[in-house]
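Positions in the sequence shown are counted from 1; adding 946 to them yields this note's numbering. Below you'll find the structure, written out as structure tokens, and then a few comments.
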Amino acid sequence: MDFLLSIAGFDPTGGAGILRDYATFRHFGFLGCAVITANTVQNTKGVKEVDFVEGDFLLEQLDAVLEEIPVKGVKLGLPHREEKVNRKIAERIGKLGVPVVFDPVLAPTFGKEFVEDLKAIAPLIEVSTVITPNYSEFKRLEPSFGEVFKERVLVVKGAPKGEKEVEDLLIVNGKLVEKFVHKKDSRVVRGTGCAFSSSFLSLLSKGFKVDEAFKVAVEFVGGYRESSFELSGGGQLYPEF
947 MDFLLSIAGF
957 DPTGGAGILR
967 DYATFRHFGF
977 LGCAVITANT
987 VQNTKGVKEV
997 DFVEGDFLLE
1007 QLDAVLEEIP
1017 VKGVKLGLPH
1027 REEKVNRKIA
1037 ERIGKLGVPV
1047 VFDPVLAPTF
1057 GKEFVEDLKA
1067 IAPLIEVSTV
1077 ITPNYSEFKR
1087 LEPSFGEVFK
1097 ERVLVVKGAP
1107 KGEKEVEDLL
1117 IVNGKLVEKF
1127 VHKKDSRVVR
1137 GTGCAFSSSF
1147 LSLLSKGFKV
1157 DEAFKVAVEF
1167 VGGYRESSFE
1177 LSGGGQLYPE
1187 F
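Structure follows, in structure tokens:
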């Protein structure tokens, strides 16, 4: 069985981050391995604390994985806050010749920003083949990385379309290829960005074309949202699988 690698943060509840990536990889028939960029104190009500892993230790984790496991694809999630660490990550995964899907987690739904200086994530943007920001992340990233986006596969999730609808956009080399329009959902479901990017990577690694992977991943996340449930009052909804 083939392996996929997640380089992302750790959510102790399992609703997001590397545990959510792993669950998604398994759902699509892959084994998973992971390198932790940051430990967090969080639950469905928000992120309380973030402790970024020391850079050399993170890179030792990555080297240990790559020394032994021939990964078929890489998912990037919560990036490290230091540009030099991200540059060394990019150097390593850029040599693999596999799909790299970056879900640029810049801030939690509830809590302070993870990434303040966008220069820190530039190496990860450059090495990625697919970038999957939500609409607010895209608006923040586009002024700095707009030209790079024109040379990548870009999926913008939740772009507003009128008062009652939003749309997910598949843009390839600066051209709109596909879009999916759906009703606005007031529910906040945990880990949807992780589930989308991990499913997209899984599908690409199975040999799906980009537009096919987009359609299946959108449908997958739709089902993911429908199966979610509440753990405690006032928090995000938790995914069933």
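Every residue, glycine too, gets a C-beta built ideally from N, C-alpha and C. Computed from a predicted structure; not experimentally measured.
Cutoff 6 angstroms; reference residue i; Cβ partners in own chain excluding five residues on either side
i, result
"residue 1004", "none"
"residue 952", "964, 967, 980, 1021"
"residue 1034", "1005"
"residue 1167", "1138, 1141, 1142"
"residue 1159", "1146, 1149, 1150"
"residue 1047", "1021, 1076, 1143, 1146, 1147"
"residue 1091", "1071"
"residue 989", "959"
"residue 1098", "1077"
"residue 1154", "none"
"residue 1162", "1149"
Chain-order list of residues whose beta-carbon lies under 7 angstroms from that of residue i (same chain, five-residue window excluded)
i, result
"residue 1018", "948, 949, 950, 1044, 1151"
"residue 1112", "1104, 1105, 1106, 1128, 1130"
"residue 998", "983, 984, 1026, 1027"
"residue 1011", "951, 979, 981"
"residue 1086", "1052"
Residues that residue i bridges to, as DSSP identifies them
i, result
"residue 988", "993"
"residue 1106", "1112"
"residue 1020", "951, 1046"
"residue 980", "952"
"residue 1077", "1048, 1100"
"residue 998", "984"
"residue 1117", "1100, 1122"
Pick from the options that is closest to residue i, judged by C-alpha positions
i, options, result
"residue 969", "1157, 1156, 1138", "1138"
"residue 957", "1014, 996, 976, 1156", "996"
"residue 1156", "1167, 1115, 1069, 1136", "1115"
"residue 1071", "1093, 1147, 989, 1122", "1093"
"residue 1036", "1014, 1062, 1016, 1009", "1009"
"residue 1120", "1068, 1095, 1101", "1095"
"residue 1059", "1001, 1051, 1000", "1051"
"residue 1067", "1023, 971, 973", "1023"
Residue i - containing beta strand (DSSP E), residue span
i, result
"residue 1125", "1121-1129"
"residue 955", "949-956"
"residue 1048", "1046-1048"
Residue burial classification, residue i (beta-carbon count within 10 angstroms, cutoff 16)
i, result
"residue 1049", "buried"
"residue 975", "exposed"
"residue 1189", "As shown, the chain starts at 947 and ends at 1187. That puts residue 1189 outside it, with no answer to give."
"residue 1014", "exposed"
"residue 955", "buried"
"residue 1165", "exposed"
"residue 1083", "buried"
"residue 1108", "exposed"
8 angstroms Cβ shell around residue i - same chain, five flanking residues per side excluded
i, result
"residue 1125", "1113, 1114, 1115, 1116"
"residue 1081", "1102, 1103, 1104, 1105, 1106, 1112"
First through last residue of the alpha helix (DSSP H) which encompasses residue i
i, result
"residue 1064", "Premise fails: residue 1064 is in no alpha helix (DSSP H) and is neither H nor E."
"residue 970", "963-973"
"residue 1172", "1156-1172"
"residue 1038", "1029-1039"
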